[in-house]
Amino acid sequence: RIVKIYEQFFLDIIEEAPNRKSARDGSYLSIPTRMRNELARPELLQTADLPFTTAQYCICTDKQWTMHFDRLFPEAIEDAKRQNFGRCTYYANYMAFVGAIMKKSLSRAQRVLRAEFDKLAWVPYTETDHLWSTGKKKGSGWKVLPHGANGGGPAIGINPR
Numbered sequence: 007r008i009v010k011i012y013e014q015f016f017l018d019i020i021e022e023a024p025n026r027k028s029a030r031d032g033s034y035l036s037i038p039t040r041m042r043n044e045l046a047r048p049e050l051l052q053t054a055d056l057p058f059t060t061a062q063y064c065i066c067t068d069k070q071w072t073m074h075f076d077r078l079f080p081e082a083i084e085d086a087k088r089q090n091f092g093r094c095t096y097y098a099n100y101m102a103f104v105g106a107i108m109k110k111s112l113s114r115a116q117r118v119l120r121a122e123f124d125k126l127a128w129v130p131y132t133e134t135d136h137l138w139s140t141g142k143k144k145g146s147g148w149k150v151l152p153h154g155a156n157g158g159g160p161a162i163g164i165n166p167r
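Residue numbers for the sequence shown follow the working numbering, beginning at 7 and rising by one.
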């Protein structure tokens, strides 16, 4: 069951990837719409080639990387409204899974998930209430793509390992 949830995670990450402010301008994703389901696999997030026309990124600390894992795969059922999470099939299935198993089994499942998560090169730079954020990030650790762009776009956390 946890394998199916993890596979769905990639589909949902791509499905919920942010669009530009104007619907006319479309998605920040550089992947054509017709190919998104096909390419939404772990390999997409295991490469440093970010599939966005514009993005901002930072290399996470170990603590930040763990924070993103904990937001994406929490240890307890989350009741708070979190933008995009509610539309993610993986998240609904994961919350049902969390509610249905014992704590010892959940710890084991989380260890398996974390081992797979740590193989990823990047994930959305989650916020407490957002799966994706696009507002211009401040701080010396943030870089933008393409180089020279004036910021904004999907915020990406890069694996520190």
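Just so it is clear, CB atoms sit at the ideal spot from N, CA and C, and this is done for glycine as well.
Rounded to whole angstroms, how far is the Cβ of residue 18 from the Cβ of residue 94, which I believe are closer than 8 Å?
Sequence index remark: in the sequence shown, residue 18 carries index 12 (1-based). Sequence index remark: in the sequence shown, residue 94 carries index 88 (1-based). Right, their Cβ atoms sit about 4 Å apart.
Where do the N-terminal and C-terminal ends of the beta strand (DSSP E) with residue 65 fall, by residue?
Translated into positions along the sequence shown, residue 65 becomes position 59. From DSSP, the beta strand (DSSP E) with residue 65 extends over 61 to 65.
Please give the ranges of any beta strand (DSSP E) in the stretch 125 to 162, keeping only runs that are unbroken, at least 3 residues long and fully inside the region.
128 to 130, 149 to 151
Out of curiosity, what's the CA-to-CA distance linking residue 127 and residue 108?
Counting from one through the sequence shown, the residue named residue 127 turns up at place 121. Counting from one through the sequence shown, the residue named residue 108 turns up at place 102. In a straight line, the C-alpha of residue 127 is about 31 Å away from that of residue 108.
State the DSSP-derived secondary structure class of residue 52, mapped to helix, strand or coil.
For the purposes of this step, residue 52 is identified with residue 46 of the sequence shown, where counting begins at 1. Coil at residue 52, not helix or strand.
Under three-state DSSP, which class holds residue 164?
For the purposes of this step, residue 164 is taken as the residue at position 158 of the sequence shown. Correct three-state label for residue 164: strand.
Would you report the Cα separation of residue 103 and residue 160, rounded to the nearest angstrom?
Position 97 of the sequence shown, counted from the first residue, corresponds to residue 103. Position 154 of the sequence shown, counted from the first residue, corresponds to residue 160. So the two alpha carbons sit approximately 29 Å from each other.
DSSP three-state assignment for residue 33, whether helix, strand or coil:
Translated into the one-based positions of the sequence shown, residue 33 becomes position 27. Three-state DSSP puts residue 33 in a strand.
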